[in-house]
Amino acid sequence: AQSVTQPDIHITVSEGASLELRCNYSYGATPYLFWYVQSPGQGLQLLLKYFSGDTLVQGIKGFEAEFKRSQSSFNLRKPSVHWSDAAEYFCAVGGQGQAGTALIFGKGTTLSVSS
Amino acid sequence: EADIYQTPRYLVIGTGKKITLECSQTMGHDKMYWYQQDPGMELHLIHYSYGVNSTEKGDLSSESTVSRIRTEHFPLTLESARPSHTSQYLCASSAYPGQGTYEQYFGPGTRLTVT
């Protein structure tokens, strides 16, 4: 079955510290992978995406993610977290299928930033 | 500026009322989606559309209905609201694969409370 697992429900990081959010996926075909961020009361904003090519992708707001096919993972990283990064982060997977661009989302990881 | 708009942002309504959640996009996208999001849970696809006069049900069963009479407009209707419909509803759009983008772009959401 196609699925996305985000093992960490809630993470707290000190401001200025590095961050890694985990994402594992199960998908039968070549996956297209995404990370979205959601601030309270807002919709989802695309942080970055992986379709093909270089497995290390850069996104907005200083985020990057690395696609590791052997581990079925697409972890999100940031070298130095800012207080404004506190939000909920969703990993999603999609691919060429009957619905075309249907995405499967994980349950999200809530990031808190301490001063 | 290309964007996705949802109205209202917040709605509190009594049981049995008919409601329509509006979604419009100026992205020029053919595909549009409605997701339901509950706290601590993944987004669940409830409806999607490939284009004008196309509507399909998503993975999560929903008592709502949708219509797509114009490319830019994808309203969601509940004929008789119930407390179980209390949730956040997110609208999204995407281009067809091959049109250069694959990711979904989200509106700010409508938080619905049925009393």
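Just so you know, the protein sequences line up as chains E and P, in that order.
Per the numbering used here, residue 87 is the first one in the first sequence, and the count goes up by one each step.
Per the numbering used here, residue 9 is the first one in the second sequence, and the count goes up by one each step.
Backbone N, C-alpha and C define an ideal beta-carbon position, used for all residues, glycine too.
Can you check which of these residues, R90/P, T73/P, T123/P, G36/P, is closest to W42/P by C-alpha distance?
Working through the second sequence from its first residue, we reach residue 42/P at position 34. That would be T73/P, whose Cα lies nearest to the Cα of W42/P.
The stretch 14-25 of chain P touching the stretch 188-200 of chain E, judged by at least three CB pairs closer than 8 Å:
Result no; under three Cβ-Cβ pairs closer than 8 Å.
If you draw a straight line from the C-alpha of V122/P to the C-alpha of A103/E, how long is it?
On the second sequence, position 114 is the one that residue 122/P refers to. On the first sequence, position 17 is the one that residue 103/E refers to. Cα to Cα, the separation comes out at about 42 Å.
Ignoring anything shorter than 3 residues, give me the beta strand (DSSP E) runs that lie fully in the stretch 10-75 of chain P, in order along the chain.
Here the runs fully enclosed are 12-15, 18-21, 27-33, 39-45, 52-57.
Using DSSP with H/G/I as helix, E/B as strand and the rest coil, what is S89/E?
What you label residue 89/E is simply residue 3 of the first sequence in a count that begins at 1. Looking at S89/E - three-state DSSP - the assignment turns out to be strand.
Interface flag, P116/P vs chain E, CB-CB below 7 Å
Locating residue 116/P in the second sequence gives position 108, counting from the first residue. The beta carbon of P116/P sits closer than 7 Å to some beta carbon of chain E.
Is there a C-beta anywhere in chain E that falls below 7 Å from the one on M49/P?
As a working note, residue 49/P is residue 41 in the second sequence. Yes, M49/P lies at the interface with chain E (some Cβ there is under 7 Å from its Cβ).
With 7 Å set as the bound, which would you pick, yes or no: does the beta-carbon of Y110/P sit closer than that to a beta-carbon of chain E?
Looking up residue 110/P in the second sequence gives position 102. It does; some Cβ of chain E falls within 7 Å.
Output the distance between the C-alpha atoms of L162/E and T116/E, rounded to the nearest integer angstrom.
In the first sequence, counting from the first residue as 1, residue 162/E sits at position 76. In the first sequence, counting from the first residue as 1, residue 116/E sits at position 30. Rounded to whole angstroms, L162/E to T116/E spans 19 Å at the Cα level.
Taking only beta carbons into account, state which residues of the stretch 134-154 of chain E come closer than 7 Å to chain A, listed in chain order.
Looking at the structure shown, chain A is missing, and the protein chains on hand are E and P.
By the three-class DSSP mapping on this structure, what secondary structure does G180/E have?
Locating residue 180/E in the first sequence gives position 94, where the first residue counts as 1. DSSP, read as helix, strand or coil, puts G180/E in strand.
Which of helix, strand or coil does DSSP assign to Y113/P?
Here residue 113/P is taken as the residue at index 105 of the second sequence, counted from 1. Three-state result, Y113/P: strand.
Measure the C-alpha to C-alpha separation of Y110/P and S201/E and round it to an integer number of angstroms.
The residue given as residue 110/P occupies position 102 in the second sequence. The residue given as residue 201/E occupies position 115 in the first sequence. Roughly 37 Å between the two C-alpha positions.
Inter-stretch contact (C-beta, 8 Å, three-pair minimum) for the stretch 33-47 of chain P and the stretch 131-138 of chain E:
Not touching, per the Cβ criterion.
Under a CB-based cut-off of 7 Å, is F160/E close to chain P?
Taking the first sequence and counting its residues from 1, the one referred to as residue 160/E is at position 74. Chain P, which has no Cβ nearer than 7 Å to the Cβ of F160/E, makes this no.
Do you know offhand how far W114/E's Cα is from I146/E's?
As a position in the first sequence, residue 114/E is number 28, starting the count at 1. As a position in the first sequence, residue 146/E is number 60, starting the count at 1. One point to set straight first is that residue 114/E is Gly, not Trp, in the sequence displayed. Separation of G114/E and I146/E (C-alpha to C-alpha, rounded to the nearest whole angstrom) is 29 Å.
On a Cα-Cα basis, can you pick out the residue from V199/E, V179/E, T91/E, S156/E that is closest to Y136/E?
Taking the first residue of the first sequence as 1, we reach residue 136/E at position 50. Of the listed residues, the one whose Cα sits closest to Y136/E is V179/E.
Taking C99/P as part of the beta strand (DSSP E), name the residues at either end of that continuous run.
Position 91 of the second sequence, counted from the start, is the residue given in the question as residue 99/P. DSSP places C99/P in the uninterrupted beta strand (DSSP E) bounded by 95-102.
Assigned secondary structure, K147/E (DSSP; H/G/I helix, E/B strand, else coil):
Taking the first sequence and counting its residues from 1, one reaches residue 147/E at position 61. Per DSSP, reduced to three states, the secondary structure at K147/E is helical.
Is any beta-carbon of chain P found at less than 7 Å from that of G129/E?
Translated into the one-based positions of the first sequence, residue 129/E becomes position 43. Between G129/E and chain P, the shortest Cβ-Cβ separation is below 7 Å.
Where the stretch 109-128 of chain E meets chain P: residues whose CB sits under 9 Å from a CB there:
Residues of the stretch 109-128 of chain E with a Cβ closer than 9 Å to any Cβ of chain P, in chain order: Y118, F120, Y122, Q124, G127, Q128.
Distance, A151/E Cα to G48/P Cα:
As a position in the second sequence, residue 48/P is number 40, starting the count at 1. As a position in the first sequence, residue 151/E is number 65, starting the count at 1. Straight-line measurement puts the Cα of A151/E at about 23 Å from the Cα of G48/P.
Cutoff 7 Å: L132/E Cβ touching any chain P Cβ:
Walking along the first sequence from the start, residue 132/E turns up at place 46. With respect to chain P, the C-beta atom of L132/E has a partner C-beta closer than 7 Å.
Quick one: does L197/E have its CB under 7 Å from some CB of chain P?
Stepping through the first sequence from its first residue, residue 197/E is reached at position 111. False, the Cβ-Cβ gap to chain P never drops below 7 Å.
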